[in-house]
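Right, one structure below, let's go through it.
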Amino acid sequence: KTRLGIISALAEEQEGLIHAMTDAVRHTHGMRDYTAGKLWNMDTVAVLSRIGKVAAAMTAVTLVEKFGVTHIVFTGVAGSADRAVQVGDVVIAESLVQHDMDASPLFPRFEVPLTGLSHLPSDLELGSRLAHAATTFLEGENGATLHRGLIGSGDQFIHDGVRLAALKSALPGLLAVEMEGAAVAQVCFELGIPFAVIRTISDNANESAATDFMHFVKTVASRYAFGIIERFCRQ
Ligand code: ADE
Numbered sequence: 001k002t003r004l005g006i007i008s009a010l011a012e013e014q015e016g017l018i019h020a021m022t023d024a025v026r027h028t029h030g031m032r033d034y035t036a037g038k039l040w041n042m043d044t045v046a047v048l049s050r051i052g053k054v055a056a057a058m059t060a061v062t063l064v065e066k067f068g069v070t071h072i073v074f075t076g077v078a079g080s081a082d083r084a085v086q087v088g089d090v091v092i093a094e095s096l097v098q099h100d101m102d103a104s105p106l107f108p109r110f111e112v113p114l115t116g117l118s119h120l121p122s123d124l125e126l127g128s129r130l131a132h133a134a135t136t137f138l139e140g141e142n143g144a145t146l147h148r149g150l151i152g153s154g155d156q157f158i159h160d161g162v163r164l165a166a167l168k169s170a171l172p173g174l175l176a177v178e179m180e181g182a183a184v185a186q187v188c189f190e191l192g193i194p195f196a197v198i199r200t201i202s203d204n205a206n207e208s209a210a211t212d213f214m215h216f217v218k219t220v221a222s223r224y225a226f227g228i229i230e231r232f233c234r235q
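Heads up: the sequence shown is residues 1 to 235, going by the working numbering.
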């Protein structure tokens, strides 16, 4: 039976969902609150991972091993890494890369050592269902569009055009940067759990990223997360 784990890094990205849950029961484990309950009839467990790859990995493992989730969706915000991807747009990962992974010359840059993979693929079916939910949601959001492709994750908030340009040239097709998705991808790959990552663009990963990010998270992020997950759970 399906049990969906929903991870976000920040409270603003999840507040509404927790309130919308019925039969909610909160469990605290490893300094995080896991809220189990029903979202529009779907059996779910929602949790805030906090920021970064280790935090996200710890959270994903716990969702699977302790709370028995069968699928994981990560929702949150990201910085744009492509001129066509604009603030307010949504990106669904087709694959994810840990852009700060570099064990060269032992292994190729970006490859997760001993997995043979640098680009970790997300689940096609979950991705399509999320894309459907996001498309419906975005019809009400003045010109915002949906993109699908490569997301890069690293333990760095990118706020520098030069740094971003270097990443883009090393990773062709990179659409967005964030700090958790590819860690969840590795955990789910290793545990055989289907997962997807959906991100709303909050900033352009340049010199104004920190201000843009804080403004967006405060004003817009929760509406997107709620609107998309609601449609996903109801379809
Ligand atoms: N999440 C949102 N914006 C980001 C950025 N510019 N860098 C890393 N993670 C982000």
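Just so you know, even glycine gets a beta-carbon here, dropped at the ideal spot from N, CA and C.
Close Cβ partners of G16 (< 6 Å) along its chain, the five nearest in sequence each way excluded:
For the purposes of this step, residue 16 is taken as the residue at position 16 of the sequence shown. Excluding sequence neighbours, G16 sits near S222, F226.
Inter-stretch contact (C-beta, 8 Å, three-pair minimum) for the region 169-179 and the region 72-92:
Verdict: yes, contact present.
According to DSSP, is G227 part of a helix, a strand, or is it coil?
On the sequence shown, residue 227 is found 227 positions in, with the first residue counted as 1. Three-state result, G227: helix.
Pick from H29, I18, S49, G181: whose alpha carbon is nearest that of L39?
Residue numbering aside, residue 39 sits at position 39 when the sequence shown is read from its first letter. That would be I18, whose Cα lies nearest to the Cα of L39.
Just curious, the alpha helix (DSSP H) that G16 is in, first and last residue?
Here residue 16 corresponds to residue number 16 of the sequence shown, with the count starting at 1. Counting along the chain, the alpha helix (DSSP H) containing G16 begins and ends at 15-20.
Using only Cβ atoms and a threshold of 7 Å, which residues come within that distance of a heavy atom of the ligand NAD? Order them by chain position.
Although the ligand NAD was asked about, the structure shown includes only the ligand ADE as ligands.
Could you tell me the boundaries of the beta strand (DSSP E) in which Q98 lies?
As a working mapping, residue 98 is identified with position 98 in the sequence shown. From DSSP, the beta strand (DSSP E) with Q98 extends over 90-98.
So F195 and A133 are supposed to be a Cβ contact under 8 Å. How far apart are they, rounded?
Taking the first residue of the sequence shown as position 1, residue 195 is located at position 195. Taking the first residue of the sequence shown as position 1, residue 133 is located at position 133. Taking the Cβ atoms as the reference, F195 lies roughly 16 Å from A133, outside the contact range of under 8 Å.
Alpha carbons only, please: which of Q235, A176, F216, E230 is nearest the one belonging to V85?
Counting from one through the sequence shown, the residue named residue 85 turns up at place 85. Residue A176 holds the alpha-carbon nearest to the alpha-carbon of V85 among Q235, A176, F216, E230.
Can L63 and V47 be called in contact, C-beta distance under 8 Å?
Indexing the sequence shown from 1 puts residue 63 at position 63. Indexing the sequence shown from 1 puts residue 47 at position 47. Yes, the pair counts as a contact, with Cβ atoms nearer than the cut-off.
Only counting the same chain, and skipping five residues up and downstream in sequence, which positions put a Cβ closer than 8 Å to that of V69?
As a working note, residue 69 is residue 69 in the sequence shown. Correct list, in chain order: R3, L4, G5, V45, L63, I193.
Count the CB pairs spanning the region 140-147 and the region 202-219 that are closer than 8 Å, and state whether there are at least three.
no
Can you check whether the CB of S49 is closer than 8 Å to the CB of E230?
The residue given as residue 230 occupies position 230 in the sequence shown. The residue given as residue 49 occupies position 49 in the sequence shown. Not in contact: E230 and S49 (Cβ atoms no closer than 8 Å).
Nearest to I198 by alpha carbon, out of I158, D123, A210?
Residue mapping note: residue 198 aligns to position 198 of the sequence shown, counting from 1. Residue D123 is the option with its Cα nearest to I198.
Of the residues D33, A24, H29, V54, the one placed nearest V187, counting alpha carbons only
Here residue 187 corresponds to residue number 187 of the sequence shown, with the count starting at 1. Looking at the Cα atoms, V54 is the closest of the given residues.
Output yes or no for whether 8 Å exceeds the beta carbon distance between A165 and Q98.
Your numbering for residue 165 matches position 165 in the sequence shown. Your numbering for residue 98 matches position 98 in the sequence shown. Taking 8 Å as the Cβ cut-off, A165 and Q98 do not qualify as a contacting pair.
Straight-line gap, V91 to E178 (C-alpha atoms, nearest Å)
Stepping through the sequence shown from its first residue, residue 91 is reached at position 91. Stepping through the sequence shown from its first residue, residue 178 is reached at position 178. Approximately 11 Å between the Cα atoms of the pair.
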